[in-house]
Amino acid sequence: MTEDDERTASPEELLRVIEEQSTATVRYLTADPRLYYLPWGAAWLVGYTAFFLHYGLGGHSYAPISQMQALAVLMAAHVPAMTIMGVGIARANRLVRGKSRSRGIMYGFAWFAGFAAMYIICGRVSSLLPQEESGLLWAGSLLAVVGILYMANGAMALNRPMFLLGIWVTAVNALGVLLGAGWHALLAAVLLGGGFIGAGLWLRRSP
Amino acid sequence: MNPDAAPPELDPVIHGQARLRVMATLNVLRDGDEMAFASVKELLGMTAGNLSVHLTKLEDAGYVRITKTHKGRTPVTYVALTKRGRLAFEDYKQTIRALLDNAGGKP
Chain W
6 MTEDDERTAS
16 PEELLRVIEE
26 QSTATVRYLT
36 ADPRLYYLPW
46 GAAWLVGYTA
56 FFLHYGLGGH
66 SYAPISQMQA
76 LAVLMAAHVP
86 AMTIMGVGIA
96 RANRLVRGKS
106 RSRGIMYGFA
116 WFAGFAAMYI
126 ICGRVSSLLP
136 QEESGLLWAG
146 SLLAVVGILY
156 MANGAMALNR
166 PMFLLGIWVT
176 AVNALGVLLG
186 AGWHALLAAV
196 LLGGGFIGAG
206 LWLRRSP
Chain R
2 MNPDAAPPEL
12 DPVIHGQARL
22 RVMATLNVLR
32 DGDEMAFASV
42 KELLGMTAGN
52 LSVHLTKLED
62 AGYVRITKTH
72 KGRTPVTYVA
82 LTKRGRLAFE
92 DYKQTIRALL
102 DNAGGKP
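So the sequences go chain by chain: W and R.
Using the working numbering, the letters of the first sequence map in sequence onto residues 6 to 212.
Using the working numbering, the letters of the second sequence map in sequence onto residues 2 to 108.
Now the structure itself:
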């Protein structure tokens, strides 16, 4: 197509070109939400189900899984989720540089600092607690950090679904901690694991 | 001056589908961000030569800023709209809307 051909485009066509190109660019620059929500949802569903089977609701386990084994399952399930997130961040850094990248690095550091603070506080205190309360301290702190950082990211990027998801994580976590270790694990597995998978599938359908 | 006297004219630097698409792409970036040349090329499906020609025209008009740098030993080029480029693109869109209003008299 020569430029002369292009110059005959009607105003309607020009507007359509602009809109299509803007949409294509946004899609190209932002990762598929499924890549973020589905692996995290799966990790929590599997990990917290393991904890739920360990604690049970009536004070005895539903399956012969020790607390350490349940923790190992939760941590192992986080590996694919974090790897996929890392690959997504690396791709975004290749495409664009500037203030967005600085913002992303600071946000990544906030995750690191949040988890480090959690590890130090829980590591210091948990040995003083009964086993079940100690597990609840770790699980509750982990989700507190995650919920707050999701809200912070939602606020920063004006991303409403992410902000609401942060509120959802925080609310479910608070309720679970009040009800006790077994309920916390059950609510986290179903409402957070399942909720993230649901959010991922729903966001996929929206344009 | 009567604004209805003559139909508004579209900025010839932006006009032409290839440059319009380049401008629409770069306009999506947040202020302070730059996009890698290779990414713009991949997204628009243009050849490097073709994209370079259009970018140079936009740069000559002061609409685009091109920064050549290195990532390790590999040369990398980044592209972004200038303030003037963003304003010109906004004007361009307003002109199209004005043309649409003039043409059809549609609501």
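Backbone N, C-alpha and C define an ideal beta-carbon position, used for all residues, glycine too.
This one's a predicted model, so the numbers in the text were calculated from it and none came from an experiment.
Query	Result
Three-state class that DSSP yields for residue 76 of chain R in the structure shown	strand
Chain-ordered chain W contacts of residue 40 of chain R [CB-CB under 9 Å]	33, 34, 99, 100 and 101
Any C-beta of chain R under 7 Å from that of residue 172 of chain W	no
Exposed unless 16 or more other CB atoms sit within 10 angstroms - verdict on residue 117 of chain W	exposed
Nearest candidate by alpha-carbon position, reference residue 68 of chain W, set W:77, W:79 and W:56	W:56
Any chain R beta carbon closer than 7 Å to residue 148 of chain W	no
Of the listed residues R:14, R:21, R:20 and R:43, nearest to residue 34 of chain W (C-alpha basis)	R:43
Residue 92 of chain R to residue 72 of chain R span [Cα, whole Å]	36 Å
Straight-line Cα distance separating residue 18 of chain W from residue 98 of chain R	12 Å
Helix, strand or coil at residue 134 of chain W according to DSSP, with G and I counted as helix	coil
Any C-beta of chain R under 7 Å from that of residue 92 of chain W	no
Assigned exposure category for residue 161 of chain W - 16 Cβ within 10 Å defines buried	exposed
Exposed unless 16 or more other CB atoms sit within 10 angstroms - verdict on residue 126 of chain W	exposed
Minimum Cβ-Cβ distance from residue 25 of chain R to chain W less than 7 Å	yes
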